[in-house]
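Enquirer: Residue numbers (the working numbering): 1137 to 1370.
#1: How far does the alpha helix (DSSP H) with residue 1162 in it extend, from its first residue to its last?
#2: What does the alpha-carbon distance come out to for the pair residue 1350 and residue 1364?
#3: Note down the Cα distance separating residue 1314 from residue 1305, rounded to an integer number of angstroms.
#4: Assign residue 1316 to one of two classes, buried (16 or more other C-beta atoms within 10 Å of its C-beta) or exposed (fewer than that).
#5: Near residue 1276, what residues of its chain come up, given a Cβ to Cβ distance below 8 Å and the 5 sequence neighbours on each side ignored?
#6: Straight-line CA distance for residue 1259 to residue 1174?
#7: For residue 1363, which residues does DSSP report across the bridge?
#8: Below 8 Å, how does it come out for the stretch 1326-1339 and the stretch 1352-1360: are there three or more Cβ pairs, yes or no?
#9: Measuring CB to CB, does residue 1285 end up less than 9 Å from residue 1340?
#10: Excluding the 5 residues preceding and the 5 following residue 1322 in the sequence, name in chain order all residues of the same chain whose CB lies nearer than 8 Å to its CB.
#11: In its own chain, which residues sit with a C-beta less than 6 Å from the C-beta of residue 1320, not counting the 5 before and 5 after it?
#12: Could you check the C-alpha separation between residue 1160 and residue 1179 for me, to the nearest Å?
#13: Starting from the C-beta of residue 1367, find all residues in its chain whose C-beta is less than 8 Å away, skip the five residues before and the five after it, and write them out in chain order.
#14: Once you ignore the five residues that flank residue 1344 on each side, which residues in its own chain have a CB closer than 8 Å to its CB?
#15: Helix, strand or coil: how does DSSP classify residue 1271 here?
#16: Sort 1164, 1181 and 1198 by Cα distance to residue 1091 and report the nearest one.
#17: With the cut-off set at 9 Å, would you say residue 1183 and residue 1201 are in Cβ contact?
#18: State the Cα-Cα distance for the pair residue 1312 and residue 1278, rounded to the nearest angstrom.
#19: Which residues bound the alpha helix (DSSP H) around residue 1340?
#20: Alpha carbon to alpha carbon, what distance is there between residue 1328 and residue 1336?
#21: Am I right that residue 1269 and residue 1176 are in contact with their C-beta atoms under 8 Å? What's the rounded C-beta distance?
#22: Could you check whether residue 1256 and residue 1168 sit closer than 9 Å to each other, using their CB atoms as the reference points?
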């Protein structure tokens, strides 16, 4: 497989495992003793070429790149005395390529890394670790999606609840004005019990009604009585 065919795999979002195998083949890496640094550097080089061609890099490939960079950091940490490379130098790779999603993964993603004192990392072990990383991320995305759906449902319920309270308070205002035959009534007259919960329950809808222009509120002195008047349009 030549370089152009490898780029096509990335661009067309084909199997990421095949992408790893092809890089190992092209770079003549030993599958029984993977040169992790060389593999990661080659992977990033091909991604950079894809970006230079102005093609979209698949999200799963970006995830794999983030995992590989994390592995490279871990790998070099083990042999720090022999390989004087620090994490900041690896992060600079991201800055040169400017993958915003990849940077995000690097900052947020907790990956099941191969942690062992030996140099040897086989191709099968590497691919297995990458599979686990994808599984972790997919579960995390699923949990986030569930949380987002629940939050959206709760917000919708809360919005419906507030709207019903607004309608109820407006009816109470209409009813009390008709009963008292007044165009203006004090806020305290629509609050059944002068407790914090009851005051808030009535005050929030009043704010909404005032903002919408259904009513107008005035308060001559701070912390004094609020007077409510119906607007003509309502």
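Beta carbons: idealized from backbone N, C-alpha and C, even for Gly.
Expert: Looking at the coordinates:
#1: Mapped onto the chain shown, residue 1162 falls at position 26. Bounds of the alpha helix (DSSP H) holding residue 1162 are 1152-1162.
#2: Counting from 1 along the chain shown, the entry for residue 1350 is found at position 214. Counting from 1 along the chain shown, the entry for residue 1364 is found at position 228. Taking the straight line from one Cα to the other gives about 10 Å.
#3: Position 178 of the chain shown, counting from 1, holds the residue named residue 1314. Position 169 of the chain shown, counting from 1, holds the residue named residue 1305. Distance between the alpha carbons of residue 1314 and residue 1305: 14 Å.
#4: The sequence position of residue 1316 within the chain shown is 180, counting from 1. With fewer than 16 Cβ atoms within 10 Å of its Cβ, residue 1316 is classed as exposed.
#5: On the chain shown, position 140 is the one that residue 1276 refers to. Excluding sequence neighbours, residue 1276 sits near nothing in its chain.
#6: Here residue 1259 refers to the residue found at position 123 of the chain shown. Here residue 1174 refers to the residue found at position 38 of the chain shown. Whole-angstrom Cα-Cα distance: 13 Å.
#7: For the purposes of this step, residue 1363 is identified with residue 227 of the chain shown, where counting begins at 1. When DSSP reads this structure, residue 1363 sits in a beta bridge with 1322 and 1354.
#8: Using a Cβ-Cβ distance cut-off of 8 Å, the stretch 1326-1339 and the stretch 1352-1360 are not in contact, since fewer than three pairs of beta carbons, one from each stretch, lie closer than that value.
#9: For the purposes of this step, residue 1285 is taken as residue 149 along the chain shown, with counting starting at 1. For the purposes of this step, residue 1340 is taken as residue 204 along the chain shown, with counting starting at 1. Cβ distance not < 9 Å, so residue 1285 and residue 1340 don't count as in contact.
#10: As a working note, residue 1322 is residue 186 in the chain shown. Excluding residues within five positions, the ones whose Cβ falls inside 8 Å are 1361, 1362, 1363 and 1364.
#11: Sequence index remark: in the chain shown, residue 1320 carries index 184 (1-based). Cβ neighbours of residue 1320 beyond the five flanking positions: 1363 and 1365.
#12: By one-based count along the chain shown, residue 1160 stands at place 24. By one-based count along the chain shown, residue 1179 stands at place 43. Distance between the alpha carbons of residue 1160 and residue 1179 is about 10 Å.
#13: On the chain shown, position 231 is the one that residue 1367 refers to. These residues qualify, in order along the chain: 1349, 1350, 1351 and 1352.
#14: The residue given as residue 1344 occupies position 208 in the chain shown. Only 1298 and 1302 meet the Cβ criterion.
#15: Residue numbering aside, residue 1271 sits at position 135 when the chain shown is read from its first letter. In the structure shown, residue 1271 sits in a helix (DSSP, three-state: H, G or I).
#16: Not covered by the structure: residue 1091. The range shown for the chain is 1137 to 1370.
#17: Numbered from 1 along the chain shown, position 47 holds the residue referred to as residue 1183. Numbered from 1 along the chain shown, position 65 holds the residue referred to as residue 1201. Cβ distance < 9 Å, so residue 1183 and residue 1201 count as in contact.
#18: Residue numbering aside, residue 1312 sits at position 176 when the chain shown is read from its first letter. Residue numbering aside, residue 1278 sits at position 142 when the chain shown is read from its first letter. Taking the Cα positions, residue 1312 is about 51 Å away from residue 1278.
#19: The count along the chain shown starts at 1 and reaches residue 1340 at position 204. Run containing residue 1340: 1332-1348, per the alpha helix (DSSP H) assignment.
#20: Here residue 1336 refers to the residue found at position 200 when the chain shown is read from its first residue. Here residue 1328 refers to the residue found at position 192 when the chain shown is read from its first residue. Those two C-alpha atoms are separated by around 12 Å.
#21: Locating residue 1269 in the chain shown gives position 133, counting from the first residue. Locating residue 1176 in the chain shown gives position 40, counting from the first residue. About 14 Å; that fails the 8 Å criterion.
#22: Indexing the chain shown from 1 puts residue 1168 at position 32. Indexing the chain shown from 1 puts residue 1256 at position 120. One thing to note: residue 1168 has its Cβ within 9 Å of the Cβ of residue 1256.
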